[in-house]
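Colleague:
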Amino acid sequence: MYWYDLLQTKHGWIGVLGSSKGLRRITLPASTTKAAIEPFANEAESAAFSPNSWHFLKKLFEELLRGDPASTNPTLDYQGVPFFTKAAWEACRTIPLGETRSYKWLATAAGNASAARAAGQAMARNRFPLIIPCHRVVASSGNLHGYGGGLSMKAMLLSAERTHL
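Just so you know, the numbering used here puts the end of the sequence shown at 180, numbered straight through with nothing missing.
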């Protein structure tokens, strides 16, 4: 059984989907509630709308969007996530606030140094943006590359983090 909620932040609406095992998926801020729920619309059809069930996350998202360190570490539901993807997500969580790492670094940290492309795909499939800070993963040249919320949001998140160091 899944539950979902929509949280309004100053950056827009964030969709949250959870299960009895923890947080299952979140979205990046969107301008409308419809856009915020779209990435998990299929799962939300069978989920119960549960306003305020994830209210504690609003504070966390505001912190992360400001570039502040996270005050809480929610439990994530990795059910159905392939081994390497989970390893890449967990490695990404170790990247310090305000710093960046390359896809090659991420692949190595996830256990397969020759899987930089697969590490990039793992970031593209990140179900927990902001919590798993895929915006901190960049091209080996140091250039920003690929982000579900657009490169301007990736740059904004990195800039906010660096400002608060």
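Note that CB positions come from ideal geometry on N, CA and C, so glycine has one too.
Apart from the five residues on each side of it in sequence, which residues of its chain come closer than 7 Å, Cβ to Cβ, to Ala-106?
Modeller: Sequence index remark: in the sequence shown, residue 106 carries index 91 (1-based). Cβ neighbours of Ala-106 beyond the five flanking positions: Leu-121, Ala-124, Ala-125.
Colleague: Spell out a yes or no on whether the segment 19 to 38 and the segment 79 to 92 are touching, meaning 3 or more CB-CB pairs, one atom from each, closer than 8 Å.
Modeller: Because the criterion of three Cβ pairs below 8 Å is met, the segment 19 to 38 and the segment 79 to 92 touch.
Colleague: Measuring CB atoms only, is the segment 50 to 66 touching the segment 164 to 172, in the sense that at least three cross pairs come out at less than 8 Å?
Modeller: Touching, no, given that fewer than three Cβ pairs across the two stretches are closer than 8 Å.
Colleague: Just to check my reading of the structure: Ala-56 and Phe-99 have Cβ atoms closer than 8 Å, yes? What is that Cβ distance to the nearest angstrom?
Modeller: In the sequence shown, residue 56 corresponds to position 41, counting from 1. In the sequence shown, residue 99 corresponds to position 84, counting from 1. So it is not a contact: roughly 27 Å between Cβ atoms.
Colleague: Would you say Leu-38 and Tyr-19 are within 8 Å of each other, going by their C-beta atoms?
Modeller: Here the question's residue 38 lines up with position 23 in the sequence shown. Here the question's residue 19 lines up with position 4 in the sequence shown. Not in contact: Leu-38 and Tyr-19 (Cβ atoms no closer than 8 Å).
Colleague: Start and end of the beta strand (DSSP E) containing Ile-52?
Modeller: Mapped onto the sequence shown, residue 52 falls at position 37. Where Ile-52 is concerned, there is no enclosing beta strand (DSSP E), although the alpha helix (DSSP H) it sits in stretches over 48 to 52.
Colleague: What whole-angstrom Cβ distance do Arg-116 and Arg-151 have, given they're in contact under 8 Å?
Modeller: Here residue 116 refers to the residue found at position 101 of the sequence shown. Here residue 151 refers to the residue found at position 136 of the sequence shown. Yes, Arg-116 and Arg-151 are in contact; Cβ-Cβ is about 6 Å, under 8 Å.
Colleague: Given Ala-59, which residues of its chain have a CB within under 6 Å of its CB, disregarding the five upstream and five downstream residues?
Modeller: As a working mapping, residue 59 is identified with position 44 in the sequence shown. Excluding residues within five positions, the ones whose Cβ falls inside 6 Å are Tyr-19, Ile-52.
Colleague: From the DSSP output, in three-state form, read off Trp-69 for me.
Modeller: The count along the sequence shown starts at 1 and reaches residue 69 at position 54. DSSP places Trp-69 in coil when its eight states are reduced to three.
Colleague: Just the Cα atoms here: how many angstroms apart are Arg-11 and Ile-41?
Modeller: Residue 11 lies beyond the residue range present for the chain, which begins at 16 and ends at 180; the question has no answer from this structure.
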